[in-house]
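To get the numbering used here, take the position in the sequence shown, counting from 1, and add 5. Even for Gly, the Cβ is constructed at its ideal location relative to N, Cα and C. Each remark here refers to the structure printed beneath this line.
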Amino acid sequence: MVTQDAEDVLGSGLGRAVIASAATQVLLRQAPQAIDLAAEAFRLSAGEEALLLAAGRGEGLLAGGPSARVSFQALASPAEHLLCTSDPAELAALEGFW
Numbered sequence: 006m007v008t009q010d011a012e013d014v015l016g017s018g019l020g021r022a023v024i025a026s027a028a029t030q031v032l033l034r035q036a037p038q039a040i041d042l043a044a045e046a047f048r049l050s051a052g053e054e055a056l057l058l059a060a061g062r063g064e065g066l067l068a069g070g071p072s073a074r075v076s077f078q079a080l081a082s083p084a085e086h087l088l089c090t091s092d093p094a095e096l097a098a099l100e101g102f103w
């Protein structure tokens, strides 16, 4: 399951059940208004909350259980980046490239 708004998932019992049954969760940058809900649902430490509030593009927290967590940075190769970028300036520069 993927969402850009934690409240979409965490705001219902069904969403919380889906999260609880997932073996691994990937948490990316969280908005300040969503961090309390995410912190409660994932039992985040103060350091993990700070990480998710300040995470840059592709940075986050990989959770494989309550005590198995690690910060990470996802890096795309140049070819992968071209295939998945949604940056308007990059897309404009690529126009006519394909």
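Residue i (DSSP reduced to helix, strand or coil)
i: Leu80; result: coil
i: Arg74; result: strand
i: Glu100; result: coil
Exposed unless 16 or more other CB atoms sit within 10 angstroms - verdict on residue i
i: Phe47; result: buried
i: Gln35; result: buried
i: Ala98; result: exposed
i: Glu85; result: exposed
i: Ala43; result: buried
i: Cys49; result: Here residue 49 is Leu; the residue named in the question, Cys, does not match the sequence. Classification of Leu49: buried, given that the 10 Å Cβ count is 16 or more.
i: Leu56; result: buried
i: Leu32; result: buried
Cutoff 8 Å; reference residue i; Cβ partners in own chain excluding five residues on either side
i: Arg74; result: Glu53, Leu66, Leu67 and Ala68
i: Asp10; result: Ala39
i: Asp13; result: Gly20
Beta-carbon proximity list for residue i, same chain, < 6 Å, skipping 5 on both sides
i: Gly63; result: Gln78 and Ala79
inquiry  = My parser needs the alpha helix (DSSP H) runs of 4 or more residues fully inside the stretch 15-80; what are they?
reply    = Listed in chain order, they are 18-26, 40-47 and 51-59.
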